[in-house]
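Residue numbers (the numbering used here), protein chains in the order written: chain A, 9 to 390; chain B, 10 to 157.
First the structure, in the form of structure tokens, and then the observations on it.
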Amino acid sequence: MFKDSTAIVGIGQTQFAKLLPQTELELACTAIKIALEDAGIHPSEVDALGSYTFEHTPDYEVARNLGFGELHFFSQSPHGGGAGCGAIGQVALAIGAGVAQVGVVWRSRKRSERSSRVWAGVQARIDDHWKYSRPSGLVRPVDEVAILMRRYMYEFNVTREQLGAVALAQREYAHRNPVAFMQSRTLTMEQYINARMISDPLCLFDNCLETDGAAAVIIVNRERARSLRHLPAFIHAFSQGMSREHQVMADFHGANPLLSSSYVTAANLWRQADCGPNDVDVAQIYDAFSPLVLFSLEAYGLCPCGTAAQFVHDGGTRIDGRLPVNTSGGSLSEVYLHGMNLITEAVRQIRGTSTAQVSEVEFSFVSTCDSTPNGALLLRRA
Amino acid sequence: MIETIPLPATDYPPDAPFWSAALRSQLSIQQCAYCQRLRFPPRPMCPHCQSVEHAWVALSGRAKVWSFTMPQPPLLPIFEKMLPYVVVLAEIVEDPSIRIIGNLVSETYESITNVDITNLKIGADLRVRFRSCAIDVALPCWILSEEL
Chain A
9 MFKDSTAIVG IGQTQFAKLL PQTELELACT AIKIALEDAG IHPSEVDALG SYTFEHTPDY
69 EVARNLGFGE LHFFSQSPHG GGAGCGAIGQ VALAIGAGVA QVGVVWRSRK RSERSSRVWA
129 GVQARIDDHW KYSRPSGLVR PVDEVAILMR RYMYEFNVTR EQLGAVALAQ REYAHRNPVA
189 FMQSRTLTME QYINARMISD PLCLFDNCLE TDGAAAVIIV NRERARSLRH LPAFIHAFSQ
249 GMSREHQVMA DFHGANPLLS SSYVTAANLW RQADCGPNDV DVAQIYDAFS PLVLFSLEAY
309 GLCPCGTAAQ FVHDGGTRID GRLPVNTSGG SLSEVYLHGM NLITEAVRQI RGTSTAQVSE
369 VEFSFVSTCD STPNGALLLR RA
Chain B
10 MIETIPLPAT DYPPDAPFWS AALRSQLSIQ QCAYCQRLRF PPRPMCPHCQ SVEHAWVALS
70 GRAKVWSFTM PQPPLLPIFE KMLPYVVVLA EIVEDPSIRI IGNLVSETYE SITNVDITNL
130 KIGADLRVRF RSCAIDVALP CWILSEEL
């Protein structure tokens, strides 16, 4: 049985900033070193690695810098912002099954230079499914999400003020988090409404940060987890998800394009769990663009369909709300690390060490990108 | 960063007929020869019956706006020069689960820039047009149509 058989027992991260001088490899090694120290595990014990296919630091370079032992399992999870929980889940499956003993999953990214914008590298001729959208000037992920958000606003009568509440709520969390990139920068609804459009109806503040940094987690089995210094964050349930006839990001076909891969992940996650969505105490929801928070709240059953915008606008995701969401500031206000910072924050909520700590957390939820093939984890205390 | 419009590769056998039809100003998509379902974007196998046999059928070119966006900077240099422009996701009348992206253009459709959006809204009627972008590429685009 996979349920609760593994746990995240160490977390580490570097500074989050623009234009850090270190290479992505050095950032990766630093975050992993801190995570191992946090767990109280020597690097020579590591025998399993997981990362993103988008990760530029090779597993063997990470291993030979940190002095890992002989490795028994190494995997990568695809689809950018959809990858984080998959990378962790795959390593956890290997450890839970006894194939390996100590796993490391990391993401290191220098995304603050304009030249590092992935969409800016589009080629003169396109040979994948994006040939049917990018030639029309629908080039960036934000454009693809804007198409979905305008439809969502039409179907559920959602206003920009309601959407803006996502960015404002997360900025409030960033104010409490001393390492958040936007810790000292205030954001008002007036600023949000008057901000320049990036892809109408999405404005500047609906977009994640362009920042540098790295984060890592350590995974061991249940028995080992109980012997370590921190309260373990047990991996209670895990799933990846890809909907039928899915197309990455430009997933515009089928009966209803608003039914994303998150609905697939959700159904399989709750099938495994001892609890349901109403039992989630705190959630970290992938937020490269603020609409993804609304879409995922509904897909995972955390809000009824069509009500997420009103829920956020009513304060439901704030620290005193029914379900605090993205309590470190998230990708919009802490750092953009393809969601890896959401996972470390989900662990802190189990430990009781968040800068926006929710009281008596038993179930801590974390998801990945709504508009790609994705994954989610349900972490449990004790 | 490229200075030109990123264009589709048109020589990939599974979808080359889509692009050659577009050069003839025809919107043509696959229909499974076994289960008769339409499918788009083109691919070798029908996901419903796993048949690789298919025909290419011409659509009427009539559609409705499912959604749209208006990108703003930062963009590829060529698209910054074309601002403001509208990208429409259109659901085709023959099968609303099939949706095709294209720019909004005017009746004369020489440019995608500064098209009148007074009547642009979700559900509005559209007709397909084709905009020549290279010797092998005509891109589907959409005009707002008063009556269907």
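Just so you know, even glycine gets a beta-carbon here, dropped at the ideal spot from N, CA and C.
Just so you know, these numbers come straight off a predicted model, no measurement behind them.
Cβ contact (3+ pairs, closer than 8 Å) linking the region 92 to 101 of chain B and the region 111 to 119 of chain B: yes
Ordered list of beta strand (DSSP E) runs contained in the region 141 to 214 of chain A, each at least 3 residues: 205 to 208
Selection from A/Leu-386, A/Thr-376, A/Thr-361, A/Met-348 that minimises the alpha carbon distance to A/Phe-24: A/Met-348
Cβ neighbour criterion (16 or more within 10 Å) applied to B/Gln-59: exposed
Residue from A/Gly-48, A/Ala-263, A/His-87, A/Arg-184 whose Cα sits closest to the Cα of A/Gly-20: A/Gly-48
Alpha-carbon spacing of B/Leu-157 relative to B/Ile-126, whole angstroms: The pLDDT assigned to B/Leu-157 is 47, lower than 50, so where the model puts this residue is not dependable, and the model offers no usable value.
Element boundaries [beta strand (DSSP E), containing A/Met-348]: No beta strand (DSSP E) contains A/Met-348, which is instead part of the alpha helix (DSSP H) from 348 to 359.
Backbone CA spacing between A/Asp-328 and A/Val-288 [nearest angstrom]: 15 Å
A/Gly-309 at chain B interface by Cβ criterion, 7 Å: no
Backbone secondary structure at A/Ile-6 - three-state DSSP: Chain A is shown from 9 up to 390; residue 6 of chain A falls before or after that span and cannot be answered.
Selected residue, minimal CA-CA separation from A/Asp-282, among A/Arg-115, A/Arg-142, A/Leu-386: A/Leu-386
Three-pair Cβ contact test at 8 Å for the region 139 to 150 of chain A versus the region 240 to 248 of chain A: no
Span separating the alpha-carbon of A/Gln-357 from that of B/Ala-25: 52 Å
Contact check, B/Ile-152 vs B/Arg-140, beta carbons under 7 Å: no
Status (buried if at least 16 other CB within 10 Å, exposed otherwise) for A/Glu-69: exposed
Residue burial classification, A/Ser-235 (beta-carbon count within 10 angstroms, cutoff 16): exposed
Under 8 Å by beta carbon: chain A residues contacting B/Asn-128: Within chain A, no residue comes near B/Asn-128; the closest Cβ sits about 16 Å away, beyond 8 Å.
Beta-carbon gap between A/Cys-216 and A/Tyr-294 smaller than 7 Å: no
Three-state secondary structure (DSSP) of B/Leu-157: A caution first: B/Leu-157 carries a pLDDT of 47, below 50, which makes its placement in the model too unreliable to give a value.
Where the beta strand (DSSP E) containing B/Ser-29 begins and where it ends: From DSSP, B/Ser-29 is part of no beta strand (DSSP E) but of the alpha helix (DSSP H) over 25 to 32.
Test: B/Ala-18 CB closer than 7 Å to a CB of chain A: yes
Which of helix, strand or coil DSSP assigns to B/Asn-123: coil
Run of the beta strand (DSSP E) containing B/Lys-73, from where it starts to where it stops: 71 to 80
CB contact check: B/Gln-35 to chain A, cutoff 7 Å: no
Amino acids of chain B, ordered along the chain, whose beta-carbon sits closer than 8 Å to that of A/Leu-146: Thr-78, Pro-80, Val-96, Ile-110
Neighbour-count burial assignment, A/Leu-156, 16 or more Cβ in a 10 Å radius: buried
Nonlocal neighbours in the same chain, by C-beta distance under 8 Å from A/Trp-127, ignoring five residues either side: Val-147, Arg-148, Pro-149
Cβ neighbours of B/Pro-86 in the same chain (closer than 7 Å, five flanking residues each side left out): Met-10, Glu-12
Nonlocal neighbours in the same chain, by C-beta distance under 7 Å from A/Ile-103, ignoring five residues either side: Thr-14, Ala-56, Gln-109, Gly-111, Ile-227, Val-228, Asn-229
Short CB-CB distance (under 7 Å) between A/Glu-253 and chain B: yes
Min CB distance B/Pro-50 to chain A below 7 Å: yes
Boundaries (first-last residue) of the beta strand (DSSP E) holding B/Cys-142: 134 to 143
Exposure of A/Tyr-181, with buried meaning 16 or more beta-carbon neighbours within 10 Å: buried
Rounded separation between B/Trp-75 and B/Ser-37 - CA only: 20 Å
For A/His-137, the nearest candidate out of A/Glu-169, A/Ser-59, A/Ser-123, A/Glu-253 (CA to CA): A/Glu-253
C-beta neighbour in chain B for A/Ala-263, strict 7 Å: yes
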